[in-house]
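Colleague: In our numbering, each residue carries its 1-based index in the sequence shown increased by 55. Below you'll find the structure I mean.
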Amino acid sequence: MEIEEIQQRLKQAEKLHITESHQVNETQLAMSNYSGVIEYHAEELVLTVKAGTPIADIEQLLAQQGQALTFDVKNNDFTTIGAAYAIGSPELRDAVLGVKIIDGQGRILNFGGQVMKNVAGYDVARLLVGSRGKLAVICEISFKVLPVDYCQKHDIDTISNIPNDSAAVVKIEQGLKAIFDPKGIFV
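Right under this line is the structure:
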């Protein structure tokens, strides 16, 4: 699957549910069909992948270079990096450098990049972590990675799901939904 196909599905959709499943109907979008590594700069500790890329594949690639994700994704209910991003955690949020998304109007938007420091206003790439696919389709994600020895030494091995049901979070989500999904495509 190509990003243009995802974009076309969004432009034609009235309601759309993002799923990891390969078997879908007309109201579902299977992001597991959009997978693979886009760029990996081991010497710069930066990895860019498509959202449907299995976490096991990412971990295997990083292990070949003696590197690891800076957040733990083991023993959870998701198998792709996009699902981990959608569910979110503070550790994952801190690792995100940039994203490519498709909004509710079918526009492809880029936020952040592949640099460790990005001071260009609101950090939408990190803001969308934990949005559960309600604001946009996350297509590509850039992460910082670290050497395995560093991760083990600093005990980076926990992921926590923060409940997103407080009144403030709901209000912020509604405001963002009006901007990113004005047609109400994402359920």
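No residue lacks a Cβ here, since even glycine has one placed at the ideal position from N, Cα and C.
So within the segment 139 to 209, which uninterrupted alpha helix (DSSP H) runs reach at least 4 residues, ignoring any that extend past its ends?
Modeller: 145 to 150, 179 to 182, 203 to 208
Colleague: Are at least three pairs of beta-carbons, each pair with one atom in the segment 184 to 199 and one in the segment 141 to 155, less than 8 Å apart?
Modeller: Contact between the segment 184 to 199 and the segment 141 to 155 is present, because at least three Cβ pairs lie under 8 Å.
Colleague: Can you give the Cα-Cα distance for Lys189 and Ala222, rounded to whole angstroms?
Modeller: 17 Å
Colleague: Roughly how many angstroms lie between the CA atoms of Glu81 and Ile193, to the nearest whole one?
Modeller: 19 Å
Colleague: Does the segment 161 to 168 touch the segment 114 to 130, meaning 3 or more C-beta pairs lie closer than 8 Å?
Modeller: no
Colleague: Given a threshold of 16 other Cβ atoms within 10 Å of its Cβ, counted over all protein chains shown, does Ala118 qualify as buried or as exposed?
Modeller: Ala118 should be labelled exposed.
Colleague: Which whole runs of the alpha helix (DSSP H) in the segment 58 to 97 are 4 residues long or more, in chain order?
Modeller: 58 to 67
Colleague: Assign Val225 to one of two classes, buried (16 or more other C-beta atoms within 10 Å of its C-beta) or exposed (fewer than that).
Modeller: Classification of Val225: exposed, given that the 10 Å Cβ count is below 16.
Colleague: How many whole angstroms separate the CB atoms of Lys105 and Glu228, which I take to be in contact at a CB cut-off of 8 Å?
Modeller: Going by Cβ atoms, the distance from Lys105 to Glu228 rounds to 25 Å, so no, they are not a contact pair.
Colleague: Taking C-beta to C-beta, are His72 and Gln83 nearer than 9 Å?
Modeller: yes
Colleague: Taking C-beta to C-beta, are Lys155 and Ile58 nearer than 9 Å?
Modeller: yes
Colleague: Are Val92 and Asp112 closer than 9 Å when you measure CB to CB?
Modeller: In terms of Cβ geometry, Val92 and Asp112 form a close pair [threshold 9 Å].
Colleague: Run through the DSSP bridge pairs and tell me what Val104 is partnered with.
Modeller: Note: Val104 is bridge-paired with Val92, Ile196 in the DSSP secondary-structure output.
Colleague: Taking 8 Å as the limit between beta carbons, can you name the residues of its chain near Thr213, skipping five residues before and five after?
Modeller: A caution first: Thr213 carries a pLDDT of 38, below 50, which makes its placement in the model too unreliable to give a value.
Colleague: Using the three-state DSSP reduction, which class does Gln120 fall into: helix, strand or coil?
Modeller: coil
Colleague: Based on DSSP bridge pairs, tell me the residues matched to Thr135.
Modeller: Thr135 is bridged to Pro109.
Colleague: State the CB to CB distance for the pair Thr108 and Thr135, rounded to an integer number of angstroms; the pair is presumed to be in contact (CB under 8 Å).
Modeller: The distance from the Cβ of Thr108 to that of Thr135 is about 6 Å, consistent with a contact at the 8 Å cut-off.
Colleague: Is it true that the CB of Val151 sits closer than 9 Å to the CB of Ala191?
Modeller: no
Colleague: Check Gly239 in the structure and name its three-state DSSP category.
Modeller: coil
Colleague: Assuming contact is defined by CB atoms lying nearer than 9 Å, are Ala138 and Met86 in contact in what I supplied?
Modeller: In this structure, the beta-carbon distance from Ala138 to Met86 falls below 9 Å.
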